[in-house]
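For what it's worth, the numbering used here labels the leading residue of the sequence shown as 148, then goes sequentially.
Idealized CB from N, CA, C, for every residue including glycine.
None of the values given here were measured: they were computed from a predicted structure.
For reference, the structure discussed in these notes is given below.
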Amino acid sequence: MFAVSGIPAIAQDKSIVVASTTSTQDSGLFDYLLPIFKKKTGIAVKVIAQGTGQALDTGRRGDADVVFVHAKAQELKFLEEGYGVKRFDVMYNDFVLIGPKSDPAGIAGTKDIAAAFVAIKDKKAPFVSRGDRSGTYSAELRLWKAAGIDIDAAKGSWYRAIGQGMGAALNTAAAMDAYVLSDRGTWISFKNRGDLQIEVEGDKRLFNQYGVMLVNPKKHPNVKVDLGQAFIDFLISPEGQKIISEYKIGGKQLFFPDAKP
């Protein structure tokens, strides 16, 4: 493991590019975490916030040194293709189903996310989808499948895919009084809630794991291996894990560290 304390001796442009998710950006985690990392190491981090699929593609092109995302199946494929060096668990939170207080599908308080999705489809209640190859969109598709619904066949005017990030999806849902699947971190930090509230939470199928990987320098020799690994080492170190756990909004913890020792 790279020693963070040794970083100042590296004769290299002390900046890296991290391709990550809109949820890590929109939740405010990076605004909290990165200044601490830079003060400790002198390394500046530029974040490209995209859906997980796009972030992994950025890594595939060699336009990032590190990818930090949340769709494990896609992450493992990235590794199998040789684009990543090694994957590390960093933290988790969970997805929550958000909807209007009027709750036209009658799902508020249920713990069964599949049953909730069935009710939304049956009532043709307005639903906003990311539709953007993100980890959240991948989770949404998995949940429709768990509910026994072919969403491509079932969707109609009630289902609106916007092809944008989490913040935009929540804004659209607030404007439409619609349901939307969100990561909890972005929901907690979201200001424009309107009449939205959490309708469904707590189902184990809503678990949301984040992983981090160094882009493989054998594919892209421009990757800043030492600096990128230093960032990874920081995230999974006891210090980095403590910082992640301490990030709160309104007293609520947004992410729960779970790096393996």
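What would DSSP say about S392, mapped onto helix, strand or coil?
DSSP, reduced to helix, strand and coil, places S392 within a helical segment of the structure shown.
Whose C-beta lies closer than 7 Å to the C-beta of D324 among residues of the same chain, with five residues either side of it excluded?
Closer than 7 Å at the Cβ level, and outside the excluded window around D324, lie P247, S249, P273, D342.
Let me check one thing: in DSSP terms, what residues is Q400 bridge-paired to?
Bridge partners of Q400 according to DSSP: K395.
Contact between the region 295–304 and the region 363–375 is defined here as three or more beta-carbon pairs at a separation below 8 Å; is this criterion met?
Result no; under three Cβ-Cβ pairs closer than 8 Å.
Hey, which unbroken runs of the alpha helix (DSSP H) at 4 residues or more fall wholly within the region 190–268?
Runs found: 199–207, 219–227.
Counting pairs of beta carbons, one from the region 345–362 and one from the region 207–217, are three or more of them closer than 8 Å?
Output reads yes: the region 207–217 touches the region 345–362.
Is V347 near I309, with beta carbons less than 8 Å apart?
For V347 and I309, no; Cβs fall outside 8 Å.
Alpha-carbon to alpha-carbon, S329 and I345
Approximately 10 Å between the Cα atoms of the pair.
Hey, could you find the ends of the alpha helix (DSSP H) I335 is sitting in?
First-last of the alpha helix (DSSP H) with I335: 331–336.
G403 and Y239: beta carbons closer than 8 Å?
According to the sequence displayed, residue 403 carries Phe and not Gly. Yes, the pair counts as a contact, with Cβ atoms nearer than the cut-off.
Please report the residue range of the alpha helix (DSSP H) in which R289 lies.
Membership of R289 in the alpha helix (DSSP H) is indicated by the continuous run 282–293.
V362 by DSSP, collapsed to three states: which one?
Shown here, V362 sits in a strand according to DSSP, grouped into three states.
Near D350, which residues of its chain fall below 6 Å by C-beta distance, leaving aside the five closest residues on each side in sequence?
K258, I260.
Under a three-way DSSP split, which group does S276 fall into?
S276 carries a strand assignment under DSSP once its states are collapsed to helix, strand and coil.
What do you get for G282, buried or exposed, if any count of 16 or more other CB atoms within 10 angstroms of its CB means buried?
Classification of G282: buried, given that the 10 Å Cβ count is 16 or more.
Quick check: what's the CA-CA separation for H367 versus I183?
Near 28 Å, if we compare the C-alpha coordinates of I183 and H367.
What residue range does the alpha helix (DSSP H) around Q172 cover?
Per DSSP, the continuous alpha helix (DSSP H) segment holding Q172 begins and ends at 169–173.
Residue range of the unbroken beta strand (DSSP E) whose run includes V347
Unbroken beta strand (DSSP E) run through V347: 343–347.
Taking 8 Å as the cut-off, does the region 218–231 touch the region 374–392 (at least 3 CB pairs, one atom from each stretch)?
The region 374–392 and the region 218–231 do not touch, with fewer than 3 CB-CB distances between them shorter than 8 Å.
Using DSSP with H/G/I as helix, E/B as strand and the rest coil, what is A308?
Strand, per DSSP.
A266 versus T319, Y326, R277, residue with shortest Cα-Cα distance:
Closest option to A266, judged by alpha-carbon separation, among T319, Y326, R277: Y326.
Under 8 Å Cβ to Cβ from F235, same chain only, skipping five residues before and after it: list those, please.
Within the same chain, and ignoring the five residues on either side of F235 in sequence, the residues whose Cβ sits closer than 8 Å to its Cβ are G358, V359, M360, I379, L382, I383, A406, K407.
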